[in-house]
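Below is one structure, written out as structure tokens; comments come after it.
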Amino acid sequence: MERNANLYTVLQSGFPADRQAVAIETPACAYSWQDIDAISSRIANLLRSLAVPAGSRVAVQVDKSPEALMLYLATLRAGLVYLPLNTAYHEAEVAYFLEDAEPAVVICPDNAIGWCEPLARSKGAAHVLTLNADGQGSLMRAAAGQDPDFVTAHNAPDDLAAILYTSGTTGRSKGAMLTHANLSSNALTLKSYWGWRSDDVLLHMLPIFHVHGLFVASHGALLAGARMIWLPKLDVDQALHYLPRCTLMMGVPTYYVRLLADARFDRETCRHMRLFISGSAPLLVDTFREFQARSGMTILERYGMSETGMITSNPYDSARGERLPGTVGPALPGITVRVVDDVDQPLAAGEPGHVQVRGPNVFAGYWRMPEKTRQEFTLDGWFRTGDIGVLGGADVPGDYLSIVGRSKDLIITGGYNVYPKEIEMVIDAMPGVQESAVIGVPHPDFGEAVVAVLVPRAGETVDAGAVLAGLKVGLANFKVPKKIHVIDALPRNAMGKVQKNVLRQRYASLP
Ligand code: AMP
1245 MERNANLYTV
1255 LQSGFPADRQ
1265 AVAIETPACA
1275 YSWQDIDAIS
1285 SRIANLLRSL
1295 AVPAGSRVAV
1305 QVDKSPEALM
1315 LYLATLRAGL
1325 VYLPLNTAYH
1335 EAEVAYFLED
1345 AEPAVVICPD
1355 NAIGWCEPLA
1365 RSKGAAHVLT
1375 LNADGQGSLM
1385 RAAAGQDPDF
1395 VTAHNAPDDL
1405 AAILYTSGTT
1415 GRSKGAMLTH
1425 ANLSSNALTL
1435 KSYWGWRSDD
1445 VLLHMLPIFH
1455 VHGLFVASHG
1465 ALLAGARMIW
1475 LPKLDVDQAL
1485 HYLPRCTLMM
1495 GVPTYYVRLL
1505 ADARFDRETC
1515 RHMRLFISGS
1525 APLLVDTFRE
1535 FQARSGMTIL
1545 ERYGMSETGM
1555 ITSNPYDSAR
1565 GERLPGTVGP
1575 ALPGITVRVV
1585 DDVDQPLAAG
1595 EPGHVQVRGP
1605 NVFAGYWRMP
1615 EKTRQEFTLD
1625 GWFRTGDIGV
1635 LGGADVPGDY
1645 LSIVGRSKDL
1655 IITGGYNVYP
1665 KEIEMVIDAM
1675 PGVQESAVIG
1685 VPHPDFGEAV
1695 VAVLVPRAGE
1705 TVDAGAVLAG
1715 LKVGLANFKV
1725 PKKIHVIDAL
1735 PRNAMGKVQK
1745 NVLRQRYASL
1755 P
């Protein structure tokens, strides 16, 4: 039989020989490598006992806990497909994902079972279990009676391991299908590129429903056999408490801004740190420099997305080059990046254009969207990232990429992606509204803040407060605009397109 390509088998190859060593530490307790293996075995045995077909989706909308990570690992081990959902999503949003992905198993917290169970069953899920922030719930109760040994399912490299939903520009979310080979190739590449070591201690504060916290951070530590300090979210007091014991931290730019805002953060806090990594949204050059001055550490910025995992990274090893602020570094080993014009012709260094990528990390396509998948790849297999970038430039080596914009009009607020179209559609459907435009404006804390501009129908008035209240009912908090402006007409160009750049300038400062 050919080698098992199951991602868990790959990650497990990095577990340390001493299985009693601590793998995950929380403020309340610690889990050894043996615990990871035994608990994920129990959950995997439970999943297997449900007798759902191989490749069935397991949809999970739960708070971060060590058990939630074990559930992810158990899903891999059982040969099922993990489908994490942002905990901020409301019922109406979750309904779409369950309808589209048709999961056989749905896991939610006890306090959501009232709406989640009937919803999941109505969409065809045969099993609904619960997992709470404290690691309790019906999932863990049922798993407790299972065998702590499990032989990980045999998977081919191209078998699906996970589906990550990304919001679509049309307002319809797309499920990015990631294979075992996609995820393991990226994990193995990053392990050597970032110099992961078994004596690393990672401060893990990112959510685990997203590529950054679930794959980049967790896979890195698991594959290195390194300890994770596992916190539910960014909490500056906790971060300052743990950082002096850590060697590595990953964060979205907001995390670095928040650390800098606290006068206690200094060189002493970072005395054992070897690496701070930033990504998911652009890191301001000012933040990079201020961080360097305060801590003596140079943040490493990398670039990637749900569909591809990590694509480029500033170097860890100074022999490979410098970490340059405002850039996301060269393509990772084994991955190729190019910048092209509107007809897919490569551009010269220094010229901005569409960023495209090829490599073993690039996903298998969008779930049940063959046409969309076809459009997002060139005929010769390059994936269109939707980002606008430039290779090289003044004082920047030709292989370093800088992200200069987003052709998809995406807003990134506090590391979360918000697609304007989705919010515009909800506002446009409200009484008295003619049309709307949703934009991102600079925000010192979140990077960008969501702002909505709307035009009432002729002769009607619209109350911004009522629109806001209406949006809060159906949308995750991070998508709800920080400010709503009611105006007479949207600025448009000669082609009739709304000039969002004009709106961004006009409303750049939040009152
Ligand atoms: P997601 O799929 O949620 O990870 O979002 C991916 C998008 O985040 C990319 O297509 C980029 O637009 C953006 N992104 C990720 N990392 C960076 C970065 N370092 N700088 C600028 N944009 C980034």
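The sequence shown begins at 1245 in my numbering and counts up by one.
Built from N, CA and C at the ideal position, the CB exists for glycine as well.
query, result
"For A1757, which residues of its own chain have a beta-carbon under 7 Å away from its beta-carbon, when the five flanking residues on both sides are left out?", "Coverage of the chain is limited to positions 1245 through 1755, which leaves residue 1757 absent and any answer about it impossible."
"Under 8 Å: do the segment 1624 to 1641 and the segment 1594 to 1610 share three or more Cβ pairs, one atom per stretch?", "yes"
"What is the DSSP secondary structure of K1726, counted as helix, strand or coil?", "coil"
"Leaving aside the five residues before and after G1718 along the sequence, list all residues of the same chain whose C-beta is less than 8 Å from its C-beta, in chain order.", "H1334, A1336, E1337 and V1670"
"Alpha carbon to alpha carbon, what distance is there between L1504 and G1570?", "18 Å"
"According to the neighbour-count rule (16 or more other Cβ atoms, all chains shown, within 10 Å of its Cβ), is E1350 buried or exposed?", "One detail in the question is off: residue 1350 reads as Val in this sequence, not Glu. Per the 10 Å Cβ criterion, buried."
"Residues near the ligand AMP, CB to any non-hydrogen atom under 7 Å, in chain order?", "T1410, H1454, V1455, H1456, S1522, G1523, S1524, A1525, P1526, L1527, E1545, R1546, Y1547, G1548, M1549, S1550, E1551, V1572, T1629, G1630, D1631, I1647, R1650, L1654, I1656 and N1661"
"Unbroken alpha helix (DSSP H) runs of length 4 or more, entirely within the segment 1490 to 1574: which are they?", "1497 to 1504 and 1529 to 1539"
"Can you tell me whether DSSP reads L1623 as helix, strand or coil?", "coil"
"Quick check: the segment 1448 to 1463 against the segment 1305 to 1320, are there 3 or more CB pairs under 8 Å?", "yes"
"Taking all protein chains shown into account, decide if P1590 is buried (16 or more other Cβ within 10 angstroms of its Cβ) or exposed.", "exposed"
"How would you call Q1256, buried or exposed, if buried means at least 16 neighbouring beta carbons within 10 angstroms?", "buried"
"Rank G1381, L1342, T1374 and A1387 by C-alpha distance to the C-alpha of S1366 and give the top, closest one.", "L1342"
"Report buried or exposed for M1574, applying the criterion of at least 16 other Cβ atoms within 10 angstroms of its Cβ.", "It should be noted that the sequence gives Pro, not Met, for residue 1574. So P1574 counts as buried."
"For W1328, which residues does DSSP report across the bridge?", "First, the amino acid is wrong: residue 1328 is Pro here, not Trp. P1328 pairs with V1304."
"Taking its Cβ as the centre, do 16 or more other Cβ atoms sit within 10 Å of V1529, making it buried, or is it exposed?", "exposed"
"Look up A1420 in the DSSP assignment and give the residues it is bridged to.", "L1408 and Y1610"
"Looking only at C-alpha atoms, which of G1553, T1552, L1568 and E1551 sits nearest to P1559?", "L1568"
"Measure the alpha-carbon distance for G1691 versus F1532 and round it to whole angstroms.", "14 Å"
"Which residue from G1469, D1378 and A1406 puts its Cα closest to that of D1262?", "G1469"
"Closer than 8 Å by C-beta to D1391: which residues in its own chain qualify, once you throw out the five before and the five after it? Chain order, please.", "S1285, R1286 and N1289"
"Is it the case that the Cβ atoms of V1685 and I1667 are separated by a distance below 8 Å?", "no"
"Could you pull out every residue in the same chain whose Cβ sits closer than 6 Å to the Cβ of H1463, ignoring the five residues on either side in sequence?", "A1431"
"Could you tell me the alpha carbon to alpha carbon distance between W1438 and L1527, rounded to whole angstroms?", "19 Å"
"Going by beta-carbon coordinates alone, are P1401 and A1420 separated by less than 8 Å?", "no"
"Could you give the DSSP three-state label for R1441: helix, strand or coil?", "coil"
"What did DSSP end up calling E1704 once you bin it into helix, strand or coil?", "coil"
"Consult DSSP for E1595 and reduce its assignment to one of helix, strand or coil.", "coil"
"Among the candidates L1324, E1361, L1320 and V1325, whose CA atom is the shortest distance from the CA of A1339?", "E1361"
"Candidates P1271, K1616, V1662 and M1314: which alpha carbon is nearest D1481's?", "P1271"
"So, helix, strand or coil for T1413, using DSSP?", "Because the pLDDT of T1413 is 42, which lies under 50, any placement of that residue in the model is unreliable, and the question is left without a value."
"Can you have a look at E1246 and say buried or exposed, based on whether 16 or more other CB atoms are within 10 angstroms of its CB?", "exposed"
"With DSSP collapsed to three states, give me the class of A1752.", "coil"
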